[in-house]
Amino acid sequence: MTRGDPTRLRQVLFNLVGNAVKFTERGRIGVSLTWEETGEEAVSLTFTVADTGIGMGEDQLARLFSPFTQADASTTRKFGGTGLGLTICKRLVEMMGGTISVYSQQGKGATFRVRLIQPLGDPMETVTLDRSVSPWPLGEVVTHEGEGHRVLLVEDNETNLLLIATVLRRAGHVVDTARNGVEGVAQVEASAMAPYDLVLMDMQMPLMDGAEATRRIRAMGEPFGSLPIVALTADVGLEDRDRYLASGLTDLLTKPVDWGRLHDVITRVTKRAALAPERILAKPKPLRHPDPKWEDAPHFDGTILDSLIEQVGTGKIRPLLRSALDNMDRHLAKVDALSRDGSAVDLRRAAHALKGMAGQFGATRTHLLSIGVEDAADDRSALIPLISALKDTIAVVKACLEQRLDG
Numbered sequence: 028m029t030r031g032d033p034t035r036l037r038q039v040l041f042n043l044v045g046n047a048v049k050f051t052e053r054g055r056i057g058v059s060l061t062w063e064e065t066g067e068e069a070v071s072l073t074f075t076v077a078d079t080g081i082g083m084g085e086d087q088l089a090r091l092f093s094p095f096t097q098a099d100a101s102t103t104r105k106f107g108g109t110g111l112g113l114t115i116c117k118r119l120v121e122m123m124g125g126t127i128s129v130y131s132q133q134g135k136g137a138t139f140r141v142r143l144i145q146p147l148g149d150p151m152e153t154v155t156l157d158r159s160v161s162p163w164p165l166g167e168v169v170t171h172e173g174e175g176h177r178v179l180l181v182e183d184n185e186t187n188l189l190l191i192a193t194v195l196r197r198a199g200h201v202v203d204t205a206r207n208g209v210e211g212v213a214q215v216e217a218s219a220m221a222p223y224d225l226v227l228m229d230m231q232m233p234l235m236d237g238a239e240a241t242r243r244i245r246a247m248g249e250p251f252g253s254l255p256i257v258a259l260t261a262d263v264g265l266e267d268r269d270r271y272l273a274s275g276l277t278d279l280l281t282k283p284v285d286w287g288r289l290h291d292v293i294t295r296v297t298k299r300a301a302l303a304p305e306r307i308l309a310k311p312k313p314l315r316h317p318d319p320k321w322e323d324a325p326h327f328d329g330t331i332l333d334s335l336i337e338q339v340g341t342g343k344i345r346p347l348l349r350s351a352l353d354n355m356d357r358h359l360a361k362v363d364a365l366s367r368d369g370s371a372v373d374l375r376r377a378a379h380a381l382k383g384m385a386g387q388f389g390a391t392r393t394h395l396l397s398i399g400v401e402d403a404a405d406d407r408s409a410l411i412p413l414i415s416a417l418k419d420t421i422a423v424v425k426a427c428l429e430q431r432l433d434g
């Protein structure tokens with residue numbers, strides 16, 4: 028068992044197989060996997076997609092991975108473009124630290140190889156997906172029928188990513204994930220052959236935020252111009268809300284996620300024919316000016332965690348709690364360091380990440396204190412008591428979550 032990024036890998040293989048099908052009118056297409064140990068607690072995986080189609084000459088191969096490259100004019104007219112998908116494949120493979128290569132001769136087919144070095148995983152700590160929810164099992168082209176939808180979740184917080192994806196999969200949806208706006212845009216671009224039914228988009232992310240990612244998706248034209256994109260954000264101030272909606276969002280939901288509201292919005296926005304001309308936007312919760320104040324809020328609200336367990340099931344809650352514990356420590360350390368020696372912008376971003384995760388697991392006081400840190404990021408003296416209180420309350424939260432893990 029190895030540790031890796033199955034979402035990116037599926038996207039690459041789906042595109043390579045799709046191109047092989049497109050350019051092979053007669054003959055065969057093969058998909059294979061070989062592996063070998065590297066001797067460094069890792070294995071080398073080589074995925075091969077080979078076809079007996081039209082093939083390519085040396086000049087075409089030289090520019091194959093450049094954006095919008097076509098084999099030649101007749102290929103463009105008969106088959107459509109291929110360059111964009113292969114450019115994205117190369118980008119995704121390189122994001123995973125791998126390489127992609129191609130061997131081809133005119134009229135004799137093409138062979139693409141993707142090589143990845145993957146560390147060995149601990150089976151006890153690895154979360155695997157059931158075959159029924161795997162978007163594209165090797166060798167199959169899956170059609171999506173029934174009530175489940177094909178969803179792209181774009182979220183940079185590892186715990187939130189795991190949590191929301193788990194809830195959605197348990198509800199019957201097929202979920203791909205991206206960890207920032209750049210990855211999200213790339214995966215939407217690469218989905219042209221089988222577009223997503225919905226994108227759930229975090230707003231504050233590294234490299235490219237959700238608003239910019241939404242604008243770029245809208246600029247691609249159809250079918251992406253009408254693709255439902257719903258924001259999931261811990262920013263609920265009117266200024267933030269208006270700015271986000273102006274980027275082209277279909278709807279906006281707040282964190283901590285109200286699971287019932289999330290399911291309702293998914294049902295509504297994916298029924299495109301039933302949408303009114305004007306968007307009906309979910310009303311955000313007024314968390315920016317919370318009541319009660321953090322001093323009056325409980326350190327830990329067990330009823331929120333109980334509600335979460337109802338959403339994911341008892342069998343899935345343990346890896347989520349472990350992820351929350353690990354990431355709470357990491358986010359607190361970052362907030363603490365930035366409060367003493369960091370920019371206000373970076374501190375707000377770190378507090379925002381902690382805020383969005385804490386409320387989801389019942390850490391109510393941590394959520395509200397994180398808002399306080401965001402608001403006081405420019406005032407170093409005001410941060411001292413907030414950081415101290417944050418450390419104390421997270422210690423209580425961790426004890427409560429550890430107790431649930433042991434129970």
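Quick note on my numbering: the sequence shown kicks off at 28 and runs consecutively. Quick reminder that beta carbons are idealized off the backbone N, C-alpha and C, glycines included.
{"Query": "Through-space distance from residue 412 to residue 35, alpha-carbon basis", "Result": "43 Å"}
{"Query": "Whole-number beta carbon distance between residue 144 and residue 71, since they are thought to touch under 8 Å", "Result": "6 Å"}
{"Query": "Cβ shell of residue 365 (< 6 Å), same chain only, five flanking positions each side left out", "Result": "373, 374 and 377"}
{"Query": "Proximal residues to residue 417 (C-beta, below 6 Å), its chain only, five neighbours per side dropped", "Result": "396"}
{"Query": "Between the CA atoms of residue 292 and residue 269 - distance to the nearest angstrom", "Result": "19 Å"}
{"Query": "Cα-Cα separation, residue 256 to residue 228", "Result": "7 Å"}
{"Query": "Residue 415 versus residue 334: straight-line alpha-carbon distance, rounded", "Result": "29 Å"}
{"Query": "According to DSSP, residues forming a beta bridge with residue 178", "Result": "202 and 225"}
{"Query": "Residue 372 in three-state terms, based on DSSP", "Result": "helix"}
{"Query": "First and last residue of the uninterrupted beta strand (DSSP E) at residue 126", "Result": "126-131"}
{"Query": "Residues near residue 134 in its chain [Cβ-Cβ closer than 8 Å; skip 5 each side]", "Result": "81 and 82"}
{"Query": "Residue 338 burial status per 10 Å Cβ neighbour count (16 or more: buried)", "Result": "buried"}
{"Query": "Per-residue DSSP class, three states only, for residue 331", "Result": "helix"}
{"Query": "Simplified DSSP state of residue 409, which is helix, strand or coil", "Result": "helix"}
{"Query": "Three-way DSSP call (helix, strand, coil) for residue 249 in this model", "Result": "coil"}
{"Query": "Cut-off 8 Å between Cβ atoms - residues of its own chain near residue 212, not counting five sequence neighbours on either side", "Result": "235, 240, 243 and 244"}
{"Query": "Span separating the alpha-carbon of residue 181 from that of residue 138", "Result": "32 Å"}
{"Query": "DSSP state of residue 385 mapped onto helix, strand, coil", "Result": "helix"}
{"Query": "6 Å Cβ shell around residue 62 - same chain, five flanking residues per side excluded", "Result": "70 and 72"}
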